[in-house]
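J.: Those protein sequences? They're chains R and Z, same order as listed. Using this note's numbering, the first residue of the first sequence is number 251, and each one after it goes up by one. Using this note's numbering, the first residue of the second sequence is number 251, and each one after it goes up by one. Glycine included, each C-beta is placed from N, C-alpha and C at the ideal position. Handing you a structure now.
Number of protein chains: 2
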Amino acid sequence: MPNKSCIIRLSMYRNALMRLKALNFVKVFSDNLADAARVTAVQVRKDFSLFNISGKRRGGYLVDELISQISTILGKDKVQKFIVIGIGNIGRALLHYPGFKKNEIELVAGFDIDTSKHNMDAKVPILPLEELSDFVKENGIRFGIIAVPDFAAQEALEVMLRSGIRGILNFAPICLKEPPECVVHNLNLETELENIIYFTNYATEAGNK
Amino acid sequence: MPNKSCIIRLSMYRNALMRLKALNFVKVFSDNLADAARVTAVQVRKDFSLFNISGKRRGGYLVDELISQISTILGKDKVQKFIVIGIGNIGRALLHYPGFKKNEIELVAGFDIDTSKHNMDAKVPILPLEELSDFVKENGIRFGIIAVPDFAAQEALEVMLRSGIRGILNFAPICLKEPPECVVHNLNLETELENIIYFTNYATEAGNK
DNA sequence: AAACTATTGTGAATATAATCACAATATAAC
DNA sequence: GTTATATTGTGATTATATTCACAATAGTTT
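Below, the structure is given as structure tokens:
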């Protein structure tokens, strides 16, 4: 089974391939993708072999075919719909983020307890939390994003799970308790910055020695 | 040398410890922190041993002491200043994100090429890109965030590096070329969602078998 | 068409990270 | 004060991920 890093790399290969396609490239070598994704060529080929993606010895890979194969693995053969709970800073930015549509990801609705944020007529409607369950069931939504404050995050998770959502990205700075049948990834902005601070300090110190 | 995951876990332990402190906890066991960070107790102790953090056999760890030790490792003994390049959706959300101040992280200025976004009188000023270098040097900034579109990201990185910034979080969906003396972490929102889609689909399929 | 070369694909080796097993020991119980 | 017990701390082991080494082979050159 592939690990998280491997899937992240697939996304990066796909990004690079889309750029190459835009430049009318027809074929590509593991070495090219390695450069684009800042990994080794063997890593690229090992990743591909895990998914039975093969090229031609000495001939490389066909760009179109490779995009198609990776897209299927990443679920990009159809639009994937997400909802967002919590329309604060982060929630609002996500709803308007232009990068998703290009990649077959659609944020179809936001939910918040604050009535002043509700707007059912907007292109992407902001709805009361009570309507989440019906909305999710009616539209067959499987994915959600939690962008509420830490104290509200566990409850937000449970509402989502009860409605049938199975994959969740959590921006709240707290570790959530999830049942085994769902996938929750945590993305903590403070933690990301703390990481950069640590490794920059470490690198600087090491460099001075 | 600790790896990235280890430092992420330290941040999570610290988060949990702050909550325990708010509840007037005086001591804590590796087992408690393990629950909070969703890892094993041995992992917690191994992480601590890497930094020579020790507790008392059968007595656990003192909350205050532990917070202080982890804070020092993560550079939280002083405020760490960041700037942001690119005041679009993401950049703006970050500038107003309330979670940073609590954690000794301060976003001190934003920069953009679009003059309509400039505002030097705001609490956190938005300045022209040309002023970045002077601002960074005068204020001794070491950290930055890239929140520009992909085509502008490499140039943004180089501007930052020339000004003396050494640690960077990159939100642009592209892999940047960086010299060895700096630290660049990529955080790609599309990629994060693709990851969730993949593992949710995988888990669902596996569950159905 | 034969020889050469660049590239893939993968088993084996290595490196890295997590877990196990248990000794050391501080605290609690009696 | 002695015994029992809960907890830490860590060397040894196992698991996981990456890199190495090289055989296979498609394309290129002569």
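Thinking residue 377 of chain R and residue 385 of chain R are a contact (beta carbons under 8 Å), I'd like their distance in whole angstroms, please.
T.: 7 Å
J.: I'd like the ranges of any alpha helix (DSSP H) spanning at least 4 consecutive residues and lying wholly in the stretch 358-394 of chain Z.
T.: Those alpha helix (DSSP H) runs which fall completely within the stretch 358-394 of chain Z and span 4+ residues are 382-389.
J.: Please compile the residues from chain R whose C-beta is within a distance smaller than 9 Å of the C-beta of residue 372 of chain Z.
T.: Neighbours of residue 372 of chain Z on chain R: none; closest Cβ ~15 Å, over 9 Å.
J.: Given 7 Å as the limit, tell me if residue 405 of chain Z has its C-beta closer than that to any heavy atom belonging to the ligand COA.
T.: With respect to small molecules bound, the structure shown includes none, and the ligand COA cannot be examined in it.
J.: Output the boundary residues of the beta strand (DSSP E) element that contains residue 417 of chain Z.
T.: 417-420
J.: Comparing the C-beta of residue 301 of chain R with each C-beta of chain Z, is any distance below 8 Å?
T.: no
J.: Flag residue 439 of chain R as yes if its beta-carbon sits less than 8 Å from any beta-carbon of chain Z, otherwise no.
T.: Answer yes: the Cβ-Cβ gap between residue 439 of chain R and chain Z drops below 8 Å somewhere.
J.: Determine, for residue 429 of chain R, whether the minimum Cβ-Cβ distance to residues of chain Z falls below 8 Å.
T.: no
J.: Output yes if chain R places a C-beta closer than 8 Å to the C-beta of residue 416 of chain Z; else output no.
T.: yes
J.: I need the straight-line Cα distance from residue 361 of chain Z to residue 335 of chain Z, nearest angstrom please.
T.: Between residue 361 of chain Z and residue 335 of chain Z, the C-alpha separation is close to 5 Å.
J.: Given 8 Å as the limit, is there contact between the stretch 256-266 of chain R and the stretch 292-300 of chain R, that is, 3 or more CB pairs closer than that?
T.: yes
J.: Just to confirm the assignment: which complete beta strand (DSSP E) runs, minimum length 3, are found wholly within the stretch 287-344 of chain Z?
T.: 330-335
J.: Use the C-beta contact count for residue 308 of chain R: other C-beta atoms within 10 angstroms, 16 or more gives buried, fewer gives exposed.
T.: Around the beta carbon of residue 308 of chain R, fewer than 16 other beta carbons sit within 10 angstroms, so the residue counts as exposed.
J.: Assign residue 424 of chain R to one of three DSSP states: helix, strand, or coil.
T.: coil
J.: Answer with yes or no whether the minimum CB distance from residue 453 of chain R to chain Z is below 8 Å.
T.: yes
J.: What in chain R is Cβ-close to residue 368 of chain Z, meaning under 7 Å?
T.: Correct list: empty, because the minimum Cβ distance to chain R is about 20 Å.
J.: With contact counted as at least three CB pairs below 8 Å, one residue from each stretch, are the stretch 386-393 of chain R and the stretch 344-354 of chain R in contact?
T.: no
J.: Contact check, residue 437 of chain Z vs residue 420 of chain Z under 8 Å by CB: the rounded distance?
T.: 7 Å
J.: For residue 345 of chain R, which residues of its own chain have a beta-carbon under 7 Å away from its beta-carbon, when the five flanking residues on both sides are left out?
T.: 334, 357, 360 and 374
J.: Put residue 276 of chain R into one of helix, strand or coil per three-state DSSP.
T.: coil
J.: Can you tell me where the beta strand (DSSP E) with residue 409 of chain R in it begins and where it stops?
T.: No beta strand (DSSP E) holds residue 409 of chain R; the alpha helix (DSSP H) holding it covers 400-413.
J.: Hey, quick one: how far does the alpha helix (DSSP H) through residue 349 of chain R stretch, first residue to last?
T.: 349-352
J.: Under the rule that 16 or more other beta-carbon atoms within 10 Å means buried, what is residue 315 of chain Z, buried or exposed?
T.: Flag for residue 315 of chain Z reads exposed.
J.: Tell me whether residue 412 of chain Z is buried or exposed, calling it buried when 16 or more other Cβ atoms sit within 10 Å of its Cβ.
T.: Sixteen is the threshold: since fewer than 16 other Cβ atoms of the shown chains lie within 10 Å of the Cβ of residue 412 of chain Z, the residue is exposed.
J.: Measure from the C-beta of residue 398 of chain R to each C-beta in chain Z and report whether the shortest distance is under 8 Å.
T.: no
J.: Kindly indicate which three-state DSSP category residue 440 of chain R falls into: helix, strand or coil?
T.: helix
J.: Pull up the distance between the alpha-carbon of residue 349 of chain Z and that of residue 278 of chain R, whole angstroms please.
T.: 43 Å
J.: Out of R:263, R:453 and R:429, state which residue places its alpha-carbon closest to the alpha-carbon of residue 323 of chain R.
T.: R:263
J.: Spell out the partners DSSP gives residue 435 of chain R in its beta bridges.
T.: R:419
J.: In chain Z, which residues lie with their C-beta within 8 Å of the C-beta of residue 423 of chain R?
T.: Here the neighbours are 265 and 349.
J.: Say whether chain Z places a C-beta atom closer than 8 Å to the C-beta of residue 433 of chain R.
T.: Residue 433 of chain R counts as touching chain Z.
J.: If we count the other Cβ atoms within 10 Å of its Cβ and call it buried at 16 or more, is residue 401 of chain R buried or exposed?
T.: exposed
J.: Roughly how far, in whole angstroms, is the beta-carbon of residue 393 of chain Z from the beta-carbon of residue 414 of chain Z, given that I think they are within contact range, below 8 Å?
T.: Between residue 414 of chain Z and residue 393 of chain Z the Cβ distance is about 11 Å, and since that is not below 8 Å, they are no contact.
J.: Which residues, in order along the stretch 286-318 of chain R, keep a beta-carbon less than 8 Å from a beta-carbon of chain Z?
T.: 286, 287 and 288
J.: Hey, residue 313 of chain R and residue 382 of chain R: beta-carbon distance below 8 Å or not?
T.: no
J.: Less than 8 Å between the CB atoms is what I'm expecting for residue 434 of chain Z and residue 443 of chain Z, so what's the real figure, rounded?
T.: No, residue 434 of chain Z and residue 443 of chain Z are not in contact; Cβ-Cβ is about 21 Å, not under 8 Å.
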